[in-house]
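Down below is the structure, laid out as structure tokens.
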Amino acid sequence: MPLLELRGVEARYGAVKALHGVSLAVGEGELVAVLGANGAGKTTTLRAISGTVRRSGEVVFAGKKLPRRAEATARVGIAHVPEGRGTFMELSVWDNLRLGAYTQRGGLKEDAARVFGFFPRLEERRAQQAGTLSGGEQQMLALGRAMMARPKLLLLDEPSLGLAPLVVKEIFEVLRRMNADDGTAVLVVEQNARLALGAAARAYVLEVGRIVVEGPSEELQEDESVRKSYLGY
Amino acid sequence: MTVLAFTWTEFFQQVAAGVRDGGIYAGLALALVLIYRSTRVINFAQGEMATFTTFVAWSLMNHGLSFWAAFPLVLLIAFAGGIAIERVVIRPVESAPVLTIVILTLGLALLLNGLMSVIWGGEEKQFKGPFSTRTIDVGGVPISIQDIGIVSVLVGLVVVLGLFFRYTKLGLGLRAAALNPASSRLAGVRVGWMLALGWGLAAVLGAVAGMMVAPIVFLDPNMMQTILLYAFAAAVLGGLDSPVGAVVGGILLGLTIDLLGRYVSWIGSTLKLPVALGLILVFLLVRPGGLFGRVAARRV
């Protein structure tokens, strides 16, 4: 049984329907990508899972129906790094990490040490106001915050957005290690299809709120018609 | 108008009284800021809530409790009452425009005021404070024990609150919920409860301010109305977003108006409030965010 399963999930913003029955699955410890053009519903898919947009349809997580409120999804082990990263700009780097661990009891120091192991720059800046970090550092902090929650599933929205290629490489390397070493399942939304397919085992392609293609990353990469019509390279 | 001779002794006594008054404004200003920064609502019922809890203290003491026995009880009652008000009155209109909620707090103020008149009557009551009005010698200046006591209680309260916000998980959750509710929810913070908790803490601050000021003035349903105006002024002066600002603003305001009222003869006690507000107006033209109100630095 997969860790997360969506069956016929719909979501709307007011009168505008953004998802028209999305079904997808993420296995235990699996790294899965969601691809698609702007406005295809990638971000909304993540938001429907974490409960930050109203949804209908069935979502099962770890064998149970997933609650619909964001506070509650965080408490069952889902960490969502949203569009715009959700940094607490006015708080220090350290307080941001403490907030990441908000649902945890104990182990704060050890978990923080692990995050600082991945991102030494966050340790140097732990007392600094998070809003003064560079874009790359903020993305590291966002990932660090998610790590502090020891999630079973990480939802990650456009980690590469607006970042220099070197930083993107670093971020994806940490993502790969979180997935491989800790067995954290990851559902990552990316505009950059080549990058995402390089990291993910499987991928879904969304088009106007529907899944149009799905399969192992290698297959999608090799299928020329899929590449040309949906992935744009 | 007679001008009294200046003595340093009296000057320092005035400073002590100014700090004492300022401490009371600061307490109430801090209560306003706690609610404002998480909801953008100015709670016009803050004064009446404080007076109400002070009446509760008065009743408890009338039934034979000592001040210090009644004190923690009243704080508990205030805390529960603040939470109840948020859950029952504010929660149902949470997503309404801020102005709607502000007007609701005005209604709440009138309601509480009426309730107090019904329960305790409108006439002034003597409230026996915990501190003696005897003076003791502090570096050659006689200062009343009451002033020192009031300032100590308020300083203690502010320090405890500061530590709570800085070092506890709940305090962190409260700060986070005020700054970024959406992200807080994703981190697992129960934002709705944090708002209620904010009201509870604000009510506690108001109760302390009320019980500290009641022995100086008299206790009646309108006791906090002028003080609430000063607290507004203090909060705006410090920056409505900033708890530190509320405390500094309150003390600065208390000092300024007490000293102006004493030493500038045309101001006296009648023009203190308008002069204070005028000064703040001028100050805000130069620094619209207040002393400590600041916009977070952002880089993209």
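As they're listed, the protein sequences go chains A and B. The opening position of the first sequence corresponds to residue 285 in my numbering, with each subsequent residue numbered one higher. The opening position of the second sequence corresponds to residue -10 in my numbering, with each subsequent residue numbered one higher. Where a beta carbon is used, it is the ideal one built from N, C-alpha and C, also for glycine. None of these values were measured; they are calculated from a predicted model.
| Check | Outcome |
| --- | --- |
| Chain A contacts made by the segment 174 to 188 of chain B, where a contact means CB separation under 8 Å | Arg174, Leu175, Ala176, Gly177, Val178, Arg179, Val180 |
| Same chain, Cβ closer than 7 Å to Val140/B, five either side skipped, listed in chain order | Val8, Arg9, Gly12 |
| Range covered by the alpha helix (DSSP H) that runs through Leu150/B | 134 to 156 |
| Interface residues of the segment 333 to 352 of chain A facing chain B [CB-CB below 9 Å] | Ser334, Gly335, Thr336 |
| Interface partners of Gly370/A on chain B, CB under 8 Å | Asn169, Ala171, Ser172, Leu175 |
| Residues bridged to His304/A [DSSP beta-bridge criterion] | Glu294/A |
| Boundaries of the beta strand (DSSP E) in which Asp441/A is found, first to last residue | 437 to 441 |
| Alpha-carbon spacing of Ala317/A relative to Ile92/B, whole angstroms | 49 Å |
| Extent of the continuous beta strand (DSSP E) to which Ala363/A belongs | 362 to 365 |
| Beta-carbon proximity list for Arg410/A, same chain, < 6 Å, skipping 5 on both sides | Val377, Trp378 |
| Beta strand (DSSP E) segment containing Ser340/A, residue limits | 339 to 345 |
| Cβ-based contacts, 9 Å cut-off: residues of the segment 70 to 104 of chain B near chain A | none |
| Inside the segment 438 to 476 of chain A only - alpha helix (DSSP H) runs reaching at least 4 residues | 449 to 466 |
| Within chain B, partners of Glu387/A - CB distance below 7 Å | Residue 387/A is actually Thr in this sequence, not Glu. The contacting residues are Gly177. |
| Cβ pair Ala223/B, Tyr14/B closer than 8 Å | yes |
| Leu319/A: first and last residue of the uninterrupted beta strand (DSSP E) it sits in | 315 to 320 |
| Beta-carbon contacts of Gly380/A that lie in its chain and below 7 Å, excluding the five residues immediately before and after | The sequence shown places Asn at residue 380/A, not Gly. Correct list, in chain order: Thr371, Phe372, Ala414, Leu425, Arg429. |
| Where Pro500/A sits in the DSSP three-state scheme | strand |
| Sequence-distant residues of its chain with Cβ nearer than 6 Å to Ala363/A (five each side left out) | Ala430, Ala433, Pro435, Leu438 |
| Under the three-state DSSP convention, the category Leu208/B falls into | strand |
| Three-way DSSP call (helix, strand, coil) for Glu83/B in this model | coil |
| Reduced DSSP category for Tyr517/A - H, G, I as helix; E, B as strand; rest coil | coil |
| CA-to-CA distance, Gln423/A to Ile455/A, given in whole angstroms | 8 Å |
| Local conformation of Pro170/B per DSSP, three classes | helix |
| Contact list for Pro449/A against chain B, beta-carbon separation under 7 Å | Correct list: empty, because the minimum Cβ distance to chain B is about 18 Å. |
| Near-chain B residues of the segment 422 to 435 of chain A - C-beta to any C-beta below 7 Å | none |
| Boundaries (first-last residue) of the beta strand (DSSP E) holding Arg486/A | 486 to 491 |
| Interface residues of chain B facing Gly384/A [CB-CB closer than 7 Å] | Ala176 |
| Helix, strand or coil at Arg359/A according to DSSP, with G and I counted as helix | helix |
| Min CB distance Arg409/A to chain B below 8 Å | no |
| In DSSP terms, what Val130/B is bridged to | Val127/B |
| Reduced DSSP category for Arg353/A - H, G, I as helix; E, B as strand; rest coil | coil |
| For Leu417/A and Ala286/B, the rounded distance between their alpha carbons | Annotation note: pLDDT 47 at Ala286/B (below 50); position unreliable, no value reported. |
| Alpha-carbon spacing of Leu88/B relative to Val30/B, whole angstroms | 8 Å |
| Ala396/A at chain B interface by Cβ criterion, 8 Å | no |
| Any chain B beta carbon closer than 8 Å to Leu523/A | Outside the modelled stretch of chain A, which goes from 285 to 517, sits residue 523/A, for which no answer is possible. |
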